[in-house]
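Everything in the sequence shown is counted per our numbering, starting at 65 for the first residue and increasing by one.
Quick reminder that beta carbons are idealized off the backbone N, C-alpha and C, glycines included.
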Amino acid sequence: MATVKVFGPAMSTNVARVLVCLEEVGAEYEVVNIDFQAKEHKSPDHLARNVSNRRSFHCICSRSSLSLGLHD
Numbered sequence: 065m066a067t068v069k070v071f072g073p074a075m076s077t078n079v080a081r082v083l084v085c086l087e088e089v090g091a092e093y094e095v096v097n098i099d100f101q102a103k104e105h106k107s108p109d110h111l112a113r114n115v116s117n118r119r120s121f122h123c124i125c126s127r128s129s130l131s132l133g134l135h136d
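Right, here's the structure in full:
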């Protein structure tokens with residue numbers, strides 16, 4: 065599995081949930097900190113990553129599989 069990039073502050077509840085799932089299935093990941101106070105989530109670079117303008121993310125994991133997806 066390719067390394068998953070998780071964008072957001074690692075201490076946020078939502079990012080922490082994703083990290084727990086990734087740890088549970090043994091996936092390789094990298095946390096890319098996004099400073100919301102500095103409005104980095106509104107920067108053109110970050111918005112370019114989110115081309116579909118979706119905001120929600122779900123992570124379903126078990127010991128044998130990992131399902132990552134975006135939804136509106």
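_Using 8 angstroms for Cβ pairs, my map puts Glu94 next to Thr67. What's the rounded Cβ distance?_
6 angstroms
*Near Pro108, what residues of its chain come up, given a Cβ to Cβ distance below 8 angstroms and the 5 sequence neighbours on each side ignored?*
none
_Suppose the cutoff is 6 angstroms on Cβ atoms and the five residues either side in sequence are ignored; what does the same chain contact list for Gly72 look like?_
Val79 and Ile98
*When the distance is taken between beta carbons, is Val89 closer than 8 angstroms to Lys69?*
no
_Buried or exposed for Leu111, going by 16 or more other Cβ atoms inside 10 Å?_
exposed
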